[in-house]
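One structure is given here, and the rest of the page talks about it.
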Amino acid sequence: MTLALKGIVYSSFAGLATTIGGIPFLLWRKKVNRKTLDMLLGFAAGVMLAATAFSLVVPSIEIGGPVRFVIGFFLGAVFVYLMDKFSPHEHLIKGYEGPLSHAKVSKIWLFVIAITLHNFPEGMAVGVGAFSKEALVIAVAIGIQNIPEGAAVSASLTGAGYKAGTTFLITLLTGVVEIIGGIFGALLMVIARPLLPYAMAFAGGAMLYVISDEVIPETHSGGYELLSTYSLIFGFILMTLLDNMLG
11 MTLALKGIVY SSFAGLATTI GGIPFLLWRK KVNRKTLDML LGFAAGVMLA
61 ATAFSLVVPS IEIGGPVRFV IGFFLGAVFV YLMDKFSPHE HLIKGYEGPL
111 SHAKVSKIWL FVIAITLHNF PEGMAVGVGA FSKEALVIAV AIGIQNIPEG
161 AAVSASLTGA GYKAGTTFLI TLLTGVVEII GGIFGALLMV IARPLLPYAM
211 AFAGGAMLYV ISDEVIPETH SGGYELLSTY SLIFGFILMT LLDNMLG
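Numbering-wise (the working numbering), the sequence shown opens with residue 11 and increments by one.
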(Lines of atoms letter the chains of each structure in order from A and count residues from 1; the text may use other names and numbers.)
(Lines give C-alpha, C1' and ligand atoms only; values in the text may rest on other atoms or scores of the structure.)
Protein backbone atom coordinates (compact mmCIF):
# COMPACT_ATOMS: atom_id res chain seq x y z
CA MET A 1 0.00 0.00 0.00
CA THR A 2 1.40 3.37 -0.98
CA LEU A 3 1.71 5.97 1.74
CA ALA A 4 -0.91 8.21 0.10
CA LEU A 5 -3.40 5.36 -0.10
CA LYS A 6 -2.63 4.48 3.51
CA GLY A 7 -3.46 8.06 4.52
CA ILE A 8 -6.80 7.93 2.70
CA VAL A 9 -7.73 4.51 4.11
CA TYR A 10 -6.71 5.44 7.65
CA SER A 11 -8.61 8.75 7.52
CA SER A 12 -11.68 6.90 6.22
CA PHE A 13 -11.69 4.45 9.13
CA ALA A 14 -10.98 7.22 11.66
CA GLY A 15 -13.58 9.56 10.22
CA LEU A 16 -16.37 7.01 9.98
CA ALA A 17 -15.85 6.09 13.65
CA THR A 18 -18.14 9.06 14.36
CA THR A 19 -21.07 6.93 13.20
CA ILE A 20 -20.38 4.43 15.99
CA GLY A 21 -21.14 7.14 18.51
CA GLY A 22 -24.20 8.24 16.57
CA ILE A 23 -25.85 4.83 16.06
CA PRO A 24 -27.49 4.60 19.54
CA PHE A 25 -29.41 7.82 18.87
CA LEU A 26 -31.20 6.26 15.90
CA LEU A 27 -33.11 4.21 18.48
CA TRP A 28 -32.83 6.17 21.71
CA ARG A 29 -34.50 9.50 21.03
CA LYS A 30 -34.41 10.93 24.55
CA LYS A 31 -32.58 14.17 25.31
CA VAL A 32 -29.10 13.64 26.78
CA ASN A 33 -28.25 15.77 29.79
CA ARG A 34 -25.49 18.36 29.84
CA LYS A 35 -23.42 16.33 32.31
CA THR A 36 -23.09 13.48 29.82
CA LEU A 37 -22.24 15.83 26.96
CA ASP A 38 -19.47 17.50 28.96
CA MET A 39 -18.05 14.13 29.94
CA LEU A 40 -18.00 12.90 26.33
CA LEU A 41 -16.44 16.06 24.95
CA GLY A 42 -13.92 16.21 27.81
CA PHE A 43 -12.76 12.67 27.05
CA ALA A 44 -12.48 13.50 23.32
CA ALA A 45 -10.43 16.60 24.18
CA GLY A 46 -8.01 14.54 26.27
CA VAL A 47 -7.44 12.06 23.45
CA MET A 48 -6.94 14.90 20.95
CA LEU A 49 -4.53 16.64 23.31
CA ALA A 50 -2.32 13.57 23.71
CA ALA A 51 -2.38 12.88 19.97
CA THR A 52 -1.41 16.48 19.25
CA ALA A 53 1.48 16.43 21.69
CA PHE A 54 2.99 13.01 21.08
CA SER A 55 1.99 12.13 17.52
CA LEU A 56 2.20 15.51 15.79
CA VAL A 57 4.29 18.01 17.78
CA VAL A 58 7.13 15.71 18.85
CA PRO A 59 7.54 14.03 15.42
CA SER A 60 7.42 17.42 13.70
CA ILE A 61 10.33 18.65 15.80
CA GLU A 62 12.24 15.39 15.35
CA ILE A 63 11.84 15.48 11.56
CA GLY A 64 12.23 19.18 10.82
CA GLY A 65 13.60 20.89 13.92
CA PRO A 66 12.14 23.61 16.15
CA VAL A 67 11.95 26.39 13.55
CA ARG A 68 9.78 24.43 11.11
CA PHE A 69 7.63 23.26 14.02
CA VAL A 70 7.02 26.80 15.29
CA ILE A 71 6.13 28.10 11.84
CA GLY A 72 3.75 25.25 11.03
CA PHE A 73 2.15 25.16 14.49
CA PHE A 74 1.50 28.90 14.57
CA LEU A 75 0.05 28.91 11.05
CA GLY A 76 -2.29 26.04 11.96
CA ALA A 77 -3.67 27.94 14.95
CA VAL A 78 -4.04 31.17 12.96
CA PHE A 79 -5.82 29.30 10.15
CA VAL A 80 -8.54 27.99 12.48
CA TYR A 81 -8.83 31.38 14.18
CA LEU A 82 -9.45 33.13 10.86
CA MET A 83 -11.96 30.49 9.77
CA ASP A 84 -13.78 30.85 13.10
CA LYS A 85 -13.80 34.63 12.85
CA PHE A 86 -15.02 35.01 9.29
CA SER A 87 -17.21 31.92 8.76
CA PRO A 88 -20.73 31.81 10.23
CA HIS A 89 -21.19 28.59 12.21
CA GLU A 90 -23.11 26.99 15.08
CA HIS A 91 -21.50 25.20 18.03
CA LEU A 92 -23.00 22.32 20.00
CA ILE A 93 -23.34 24.33 23.20
CA LYS A 94 -22.03 27.87 22.67
CA GLY A 95 -24.41 28.55 19.81
CA TYR A 96 -23.87 30.93 16.90
CA GLU A 97 -20.46 32.42 16.15
CA GLY A 98 -19.16 34.46 13.23
CA PRO A 99 -20.28 37.52 11.23
CA LEU A 100 -23.62 38.84 12.46
CA SER A 101 -24.71 39.57 8.89
CA HIS A 102 -24.96 35.82 8.26
CA ALA A 103 -26.85 34.95 11.42
CA LYS A 104 -30.02 34.06 9.46
CA VAL A 105 -28.40 31.15 7.64
CA SER A 106 -30.15 27.82 8.36
CA LYS A 107 -29.02 26.41 11.72
CA ILE A 108 -28.32 23.02 10.14
CA TRP A 109 -25.96 24.57 7.60
CA LEU A 110 -24.28 26.64 10.31
CA PHE A 111 -23.66 23.41 12.20
CA VAL A 112 -22.29 21.74 9.07
CA ILE A 113 -19.87 24.66 8.58
CA ALA A 114 -18.67 24.29 12.18
CA ILE A 115 -18.07 20.59 11.61
CA THR A 116 -16.06 21.36 8.49
CA LEU A 117 -13.93 23.98 10.23
CA HIS A 118 -13.04 21.81 13.19
CA ASN A 119 -12.83 18.30 11.74
CA PHE A 120 -10.89 19.03 8.57
CA PRO A 121 -7.59 19.46 10.52
CA GLU A 122 -8.16 16.08 12.20
CA GLY A 123 -8.50 14.35 8.85
CA MET A 124 -5.50 16.24 7.54
CA ALA A 125 -3.48 15.01 10.52
CA VAL A 126 -4.26 11.40 9.60
CA GLY A 127 -3.45 11.93 5.92
CA VAL A 128 -0.18 13.70 6.64
CA GLY A 129 0.69 11.32 9.47
CA ALA A 130 0.59 8.36 7.07
CA PHE A 131 3.99 9.54 5.85
CA SER A 132 5.50 9.22 9.33
CA LYS A 133 6.07 6.36 11.77
CA GLU A 134 3.13 7.71 13.80
CA ALA A 135 0.59 6.79 11.10
CA LEU A 136 -1.32 4.12 13.03
CA VAL A 137 -1.19 6.01 16.33
CA ILE A 138 -2.69 9.16 14.81
CA ALA A 139 -5.43 7.23 13.04
CA VAL A 140 -6.34 5.32 16.21
CA ALA A 141 -6.33 8.53 18.27
CA ILE A 142 -8.62 10.39 15.90
CA GLY A 143 -10.86 7.35 15.58
CA ILE A 144 -11.19 6.92 19.35
CA GLN A 145 -12.00 10.55 20.00
CA ASN A 146 -14.50 10.55 17.13
CA ILE A 147 -16.72 8.03 18.91
CA PRO A 148 -17.66 10.22 21.90
CA GLU A 149 -17.59 13.28 19.64
CA GLY A 150 -20.07 11.60 17.30
CA ALA A 151 -22.23 10.67 20.30
CA ALA A 152 -22.17 14.29 21.52
CA VAL A 153 -23.16 15.58 18.08
CA SER A 154 -26.01 13.08 17.78
CA ALA A 155 -27.18 13.72 21.34
CA SER A 156 -27.24 17.49 20.79
CA LEU A 157 -29.16 17.25 17.53
CA THR A 158 -31.60 14.77 19.06
CA GLY A 159 -32.15 17.11 21.98
CA ALA A 160 -32.77 19.97 19.54
CA GLY A 161 -35.59 17.97 17.99
CA TYR A 162 -34.04 16.83 14.71
CA LYS A 163 -35.30 13.60 13.16
CA ALA A 164 -33.25 10.42 13.46
CA GLY A 165 -32.33 10.38 9.77
CA THR A 166 -31.14 14.00 9.80
CA THR A 167 -29.20 13.45 13.02
CA PHE A 168 -27.42 10.40 11.67
CA LEU A 169 -26.71 12.07 8.31
CA ILE A 170 -25.05 15.08 9.96
CA THR A 171 -23.07 12.82 12.30
CA LEU A 172 -21.91 10.86 9.27
CA LEU A 173 -20.93 14.15 7.63
CA THR A 174 -18.45 14.81 10.44
CA GLY A 175 -16.62 11.68 9.31
CA VAL A 176 -16.83 12.58 5.62
CA VAL A 177 -15.22 15.94 6.37
CA GLU A 178 -12.29 14.13 7.99
CA ILE A 179 -11.93 11.83 4.98
CA ILE A 180 -11.70 14.90 2.73
CA GLY A 181 -9.08 16.33 5.09
CA GLY A 182 -7.17 13.04 4.94
CA ILE A 183 -7.19 13.04 1.14
CA PHE A 184 -5.94 16.63 1.10
CA GLY A 185 -3.15 15.85 3.57
CA ALA A 186 -2.04 12.72 1.73
CA LEU A 187 -2.00 14.42 -1.68
CA LEU A 188 -0.11 17.38 -0.23
CA MET A 189 2.62 15.02 0.92
CA VAL A 190 2.76 13.37 -2.51
CA ILE A 191 3.27 16.75 -4.15
CA ALA A 192 5.65 18.20 -1.58
CA ARG A 193 7.12 15.61 0.80
CA PRO A 194 9.58 18.13 2.38
CA LEU A 195 6.54 19.90 3.87
CA LEU A 196 5.94 16.97 6.25
CA PRO A 197 7.24 18.66 9.44
CA TYR A 198 5.34 21.85 8.60
CA ALA A 199 2.15 19.93 7.83
CA MET A 200 2.30 17.85 11.02
CA ALA A 201 2.87 20.98 13.08
CA PHE A 202 0.08 22.79 11.18
CA ALA A 203 -2.39 20.01 12.00
CA GLY A 204 -1.23 20.04 15.62
CA GLY A 205 -1.64 23.79 15.95
CA ALA A 206 -5.10 23.66 14.40
CA MET A 207 -6.20 20.83 16.70
CA LEU A 208 -4.83 22.51 19.82
CA TYR A 209 -6.62 25.73 18.93
CA VAL A 210 -9.92 23.85 18.64
CA ILE A 211 -9.33 22.10 21.98
CA SER A 212 -8.45 25.30 23.81
CA ASP A 213 -10.83 27.74 22.15
CA GLU A 214 -13.88 25.55 21.63
CA VAL A 215 -14.00 22.16 23.37
CA ILE A 216 -12.67 22.97 26.84
CA PRO A 217 -14.61 26.25 27.23
CA GLU A 218 -17.83 24.49 26.20
CA THR A 219 -17.31 21.70 28.73
CA HIS A 220 -16.59 24.26 31.46
CA SER A 221 -19.69 26.38 30.99
CA GLY A 222 -22.42 24.10 32.29
CA GLY A 223 -21.46 23.49 35.92
CA TYR A 224 -19.63 20.18 35.39
CA GLU A 225 -16.09 21.50 35.16
CA LEU A 226 -14.58 18.91 37.52
CA LEU A 227 -16.19 15.98 35.72
CA SER A 228 -15.10 17.24 32.31
CA THR A 229 -11.57 17.84 33.61
CA TYR A 230 -11.25 14.28 34.90
CA SER A 231 -12.73 13.01 31.63
CA LEU A 232 -10.05 14.94 29.76
CA ILE A 233 -7.37 13.49 32.04
CA PHE A 234 -8.68 9.96 31.48
CA GLY A 235 -8.71 10.50 27.70
CA PHE A 236 -5.17 11.87 27.82
CA ILE A 237 -3.92 8.92 29.90
CA LEU A 238 -5.61 6.37 27.63
CA MET A 239 -4.17 7.89 24.45
CA THR A 240 -0.73 8.27 25.99
CA LEU A 241 -0.67 4.56 26.90
CA LEU A 242 -1.93 3.59 23.44
CA ASP A 243 0.68 5.80 21.83
CA ASN A 244 3.36 4.05 23.86
CA MET A 245 2.07 0.57 22.97
CA LEU A 246 1.41 1.24 19.28
CA GLY A 247 4.52 3.37 18.77
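Ideal placement from N, C-alpha and C gives every residue a C-beta, glycine not left out.
The model shown is predicted, which means the values in this text are computed figures rather than measured ones.
Other residues of its chain near residue i: CB distance less than 8 Å, five sequence neighbours each side excluded
i    : result
T184 : G25, T28, I125, N129, N156, E159, G160, V163
G233 : R44
L127 : V90, M93, D94, S97, H99
I189 : I18, S21, S22, G25, L26, G133
T46  : A165
Environment of residue i [buried if 16+ CB atoms lie within 10 Å]
i    : result
A170 : exposed
S22  : buried
G52  : buried
E132 : buried
F64  : buried
G75  : exposed
K16  : buried
Y208 : buried
L251 : exposed
I221 : buried
V77  : exposed
L236 : exposed
E224 : buried
Secondary structure of residue i, DSSP reduced to three states
i    : result
V42  : coil
G171 : coil
G232 : coil
I33  : coil
A145 : helix
S65  : helix
T12  : coil
S314 : Only positions 11 to 257 of the chain appear in this structure, which leaves residue 314 out of reach.
A87  : helix
S164 : helix
S70  : helix
A135 : helix
A140 : coil
S22  : helix
A27  : coil
A209 : helix
S238 : helix
A151 : helix
A124 : helix
Whole-number beta carbon distance between residue j and residue i, since they are thought to touch under 8 Å
i    : j    : result
A61  : A196 : In fact, because the Cβ distance is near 18 Å, the residues do not count as touching under 8 Å.
M217 : L206 : Contact doesn't hold; Cβ gap of about 17 Å is too wide.
G192 : S70  : Actually they do not touch by this definition, with Cβ atoms about 18 Å apart.
H230 : S238 : 6 Å
A211 : F83  : 4 Å
A174 : L36  : 5 Å
A87  : G245 : Contact doesn't hold; Cβ gap of about 21 Å is too wide.
Close Cβ partners of residue i (< 7 Å) along its chain, the five nearest in sequence each way excluded
i    : result
T181 : T28, T29, G32, G160, V163, S164
F194 : M134, G137
Chain-order list of residues whose beta-carbon lies under 6 Å from that of residue i (same chain, five-residue window excluded)
i    : result
L256 : L146, V147
F141 : L13, M199, L206
I154 : V57
M49  : L237, S241
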